[in-house]
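Chemist:
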Amino acid sequence: MKVLIVGSGGREHAIAYAVAKSKRVDKIYCAPGNAGIAELAECVDIGAMEMERLADFAQEKAVDLTIIGMDDPLVAGIVDVFEARGLRVFGPRKNAAILEGSKAFSKDLMKKYHIPTAAYENFDSAEAALAYLETGRYPIVLKADGLALGKGVLICNTLEEAKDGIRELMIDKKFGSAGDKIVIEEFMTGREVSVLCYCDGTHILPMTSAQDHKRAKDGDQGLNTGGMGTFSPSPFYTKEVDEFCREHIYQPSMDAMKAEGRDFVGVMFVGLMLTEDGPKVLEYNARFGDPEAQVVLPRMKNDIIDVMEAAIDGKLDTIDLQFEDNACVCVVLASDGYPLSYEKSKLITGMENFKDKDGYYLFHAGTKQTPEGVVTNGGRVLGVTAKGADLKQARENAYAATEWVSFENKYMRHDIGKAIDEA
Ligand code: AMP
Ligand code: GLY
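Position 215, counted from 1, in the sequence shown is what this note's numbering calls 1435; the numbers after and before it change by one each time, with no gaps.
(1) Quick check: the segment 1526-1536 against the segment 1438-1457, are there 3 or more CB pairs under 8 Å?
(2) Within the continuous beta strand (DSSP E) that includes Ala-1268, where are the two ends?
(3) Does DSSP put Leu-1560 in a helix, in a strand, or in coil?
(4) Does the segment 1309-1320 come close enough to the segment 1482-1492 that 3 or more CB-CB pairs lie under 8 Å?
(5) Please report the straight-line C-alpha distance between Ile-1298 and Gln-1431, rounded to a whole angstrom.
(6) What residues in its chain sit with their C-beta under 7 Å from that of Ala-1618, if we drop five residues either side in the sequence?
(7) Please indicate yes or no: does the CB of Asp-1510 lie closer than 6 Å to some heavy atom of ligand 2?
(8) So Val-1301 and Met-1271 are supposed to be a Cβ contact under 8 Å. How far apart are they, rounded?
(9) I'd like to confirm the pairing. Which residues does DSSP put opposite Gln-1441 in its beta bridges?
(10) Give me the Cα-Cα distance between Ser-1452 and Thr-1569, rounded to the nearest whole angstrom.
(11) Based on Cα-Cα distance, which residue from Thr-1378, Lys-1363 and Tyr-1418 lies nearest to Lys-1394?
(12) Can you tell me whether Asn-1505 sits near ligand 2, meaning its C-beta is under 6 Å from at least one heavy atom of the ligand?
(13) Say the cut is 6 Å; is the CB of Gly-1498 nearer than that to a heavy atom of ligand 1?
(14) Please indicate yes or no: does the CB of Gly-1227 lie closer than 6 Å to some heavy atom of ligand 2?
(15) With a threshold of 6 Å, establish whether the CB of Met-1408 neighbours any heavy atom of ligand 1.
(16) Between the Cα of Glu-1381 and those of Glu-1405, Leu-1353, Ser-1397 and Ile-1391, spot the shortest distance and give me the residue it belongs to.
(17) Using the C-alpha atoms, what's the distance from Glu-1388 back to Gly-1662?
(18) Shorter than 6 Å, the distance from the beta carbon of Leu-1502 to the closest heavy atom of ligand 1, or not?
(19) Between which two residues does the alpha helix (DSSP H) containing Ser-1326 stretch?
(20) Does at least one heavy atom of ligand 1 sit under 6 Å from the Cβ of Lys-1394?
(21) So what's His-1634 in DSSP terms, helix, strand or just coil?
(22) Within the chosen definition, does the segment 1575-1590 reach the segment 1608-1628 through at least 3 CB pairs nearer than 8 Å?
(23) With distances taken Cα to Cα, identify the nearest neighbour of Tyr-1249 among Lys-1243, Ala-1258, Leu-1502 and Asp-1610.
(24) Assign Pro-1591 to one of three DSSP states: helix, strand, or coil.
(25) May I ask you to report which of helix, strand or coil DSSP gives Ile-1469?
(26) Between Arg-1357, Thr-1596 and Asp-1392, which lies nearest to Thr-1378 when the distance is taken from Cα to Cα?
(27) My output table needs one value for Phe-1484: the three-state DSSP class, helix, strand or coil.
(28) Let me check one thing: in DSSP terms, what residues is Asn-1505 bridge-paired to?
(29) Does the distance from the CB of Lys-1371 to the CB of Ala-1324 come in under 7 Å?
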């Protein structure tokens, strides 16, 4: 069969890798893709938000299944566009992708259906938000309602900081209309875990757990980024935690969306905080995480096409989802300066060192093929990923492999997976 993947990051490279392993697939397209994905797929120069053009392409090439990797087109309704043309597509429709597209929606949903999460209030006026801050407990968390590249969350230690935050989000509109509405929420402490779940509208199949490192610098310092590295599984995500989440979070979230007439089909990403009072939801996303996908998908034993088709057909109850009994660590190589400004077009060398190395993966994010070779083309450039018998071994392997590739301004965190030592 023919598969089209929409997106261009490390996540889409990891998806392409899993799709390429499927015996059922003989042709992969990716729009727009990147230099690494081009080794597995034919990259097509159509942007992820060009929904009608993408659907035209899928029709022209008789694509059997399209997989949407990114949040923006999902929230904008790409699945509805494809379905209206009778095309098979994996991802939530617009009315379900709102779970990621509006934080106010997701908070109200959790409240209505008693899904554990931080206490909160929604605001659509800066005056009311500022007044509320006077009564708040600090630190306090401000969240832009809409999509903001994972950067629309501000943790404010003082009233003054929070007032500045409201100005940034609601008055100066740093994230545009994403800040028309905001959520002000209680600050929670604990370990963070991401659990990605395949969903078919009725059934929900949680994958193995992962932990992201969102801050730019070692010791969780610096600005929030899309994610600087991940490991899987999380040693803090115990069997008891898993049982609690299945009963009180995953299935209730699925059922809540169904009850609202918003059947969720695709990947529901549940960001959890393991607090002293038990696991609570930090956020939902409506797609695979990046870089979470880079450590979760290499460990998945199932044929990804079987799972995605079962999700589309409402038959996930027939899938026995299985993961390898090992561990995986991804260290992101970024352009120095990310998530603020950084230089591009630096030649990348040493990529051939990953060829035929079992258990090692070089997932491309911001890369581009030029006549001179592959060059950097974004903030997050590469995801160096390695498996190991356990987390410590996987971490050692991943960090050793970060030395195999070079480019000017190469930047990485040196403490990805440090939490493993505390487990
Ligand atoms: P989100 O995009 O909602 O996951 O937020 C980004 C990051 O901000 C999370 O991964 C957490 O590290 C942090 N965060 C979000 N909400 C809270 C909260 N209520 N308490 C503490 N930290 C939070
Ligand atoms: N790594 C977090 C995300 O994909 O949103």
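Ideal Cβ positions, reconstructed from N, Cα and C, are used throughout, including at glycine.
Because the structure is a prediction, the values reported are computed rather than measured.
Modeler: On the basis of the supplied data:
(1) no
(2) Numbered from its first residue, the sequence shown carries residue 1268 at position 48. Taken as a continuous stretch (DSSP letters only), Ala-1268 belongs to no beta strand (DSSP E), as it is neither H nor E.
(3) Mapped onto the sequence shown, residue 1560 falls at position 340. Coil.
(4) yes
(5) As a working note, residue 1298 is residue 78 in the sequence shown. As a working note, residue 1431 is residue 211 in the sequence shown. Going from the Cα of Ile-1298 to the Cα of Gln-1431 covers about 29 Å.
(6) As a first step, residue 1618 is located in the sequence shown; it is residue number 398 there, counting from the start. Hits under 7 Å: Val-1549, Cys-1550, Val-1551, Val-1604, Thr-1605 and Ala-1606.
(7) Residue 1510 sits at position 290 when you count from the first residue of the sequence shown. Yes, the beta carbon of Asp-1510 sits closer than 6 Å to at least one heavy atom of ligand 2.
(8) Counting from one through the sequence shown, the residue named residue 1301 turns up at place 81. Counting from one through the sequence shown, the residue named residue 1271 turns up at place 51. With 8 Å as the limit, Val-1301 and Met-1271 qualify as a contact, their Cβ atoms being about 5 Å apart.
(9) Here residue 1441 corresponds to residue number 221 of the sequence shown, with the count starting at 1. Gln-1441 pairs with Lys-1437.
(10) As a position in the sequence shown, residue 1452 is number 232, starting the count at 1. As a position in the sequence shown, residue 1569 is number 349, starting the count at 1. If you take the alpha carbons of Ser-1452 and Thr-1569, they lie about 28 Å apart.
(11) Counting from 1 along the sequence shown, the entry for residue 1394 is found at position 174. With distances taken between Cα atoms, Lys-1394 lies closest to Lys-1363.
(12) In the sequence shown, residue 1505 corresponds to position 285, counting from 1. Yes - ligand 2 has a heavy atom lying nearer than 6 Å to the Cβ of Asn-1505.
(13) The residue given as residue 1498 occupies position 278 in the sequence shown. Incorrect: Gly-1498 has no Cβ contact closer than 6 Å to ligand 1.
(14) Taking the sequence shown and counting its residues from 1, the one referred to as residue 1227 is at position 7. The answer is no for Gly-1227.
(15) Counted from its first residue, the sequence shown places residue 1408 at position 188. For ligand 1, at least one heavy atom lies less than 6 Å from the Cβ of Met-1408.
(16) Against the sequence shown, residue 1381 aligns to sequence position 161. Comparing Cα positions, the closest option is Leu-1353.
(17) In this structure the chain extends from 1221 to 1643, so residue 1662 is not present and cannot be described.
(18) Working through the sequence shown from its first residue, we reach residue 1502 at position 282. True, at least one ligand heavy atom lies under 6 Å from that Cβ.
(19) Within the sequence shown, residue 1326 is the residue found at index 106, counting from 1. Counting along the chain, the alpha helix (DSSP H) containing Ser-1326 begins and ends at 1323-1332.
(20) Position 174 of the sequence shown, counted from the first residue, corresponds to residue 1394. No.
(21) Working through the sequence shown from its first residue, we reach residue 1634 at position 414. Three-state result, His-1634: coil.
(22) yes
(23) Taking the first residue of the sequence shown as position 1, residue 1249 is located at position 29. Among Lys-1243, Ala-1258, Leu-1502 and Asp-1610, the Cα nearest to that of Tyr-1249 is on Ala-1258.
(24) Indexing the sequence shown from 1 puts residue 1591 at position 371. Residue state, collapsed to three classes: coil.
(25) Numbered from its first residue, the sequence shown carries residue 1469 at position 249. Three-state result, Ile-1469: helix.
(26) Position 158 of the sequence shown, counted from the start, is the residue given in the question as residue 1378. Nearest C-alpha to Thr-1378: Arg-1357.
(27) Within the sequence shown, residue 1484 is the residue found at index 264, counting from 1. Here Phe-1484 sits in coil by DSSP.
(28) One-based indexing of the sequence shown puts residue 1505 at position 285. BP columns for Asn-1505 point to Phe-1489.
(29) Translated into the one-based positions of the sequence shown, residue 1371 becomes position 151. Translated into the one-based positions of the sequence shown, residue 1324 becomes position 104. Their beta carbons are not under 7 Å apart, which means Lys-1371 does not touch Ala-1324 by this criterion.
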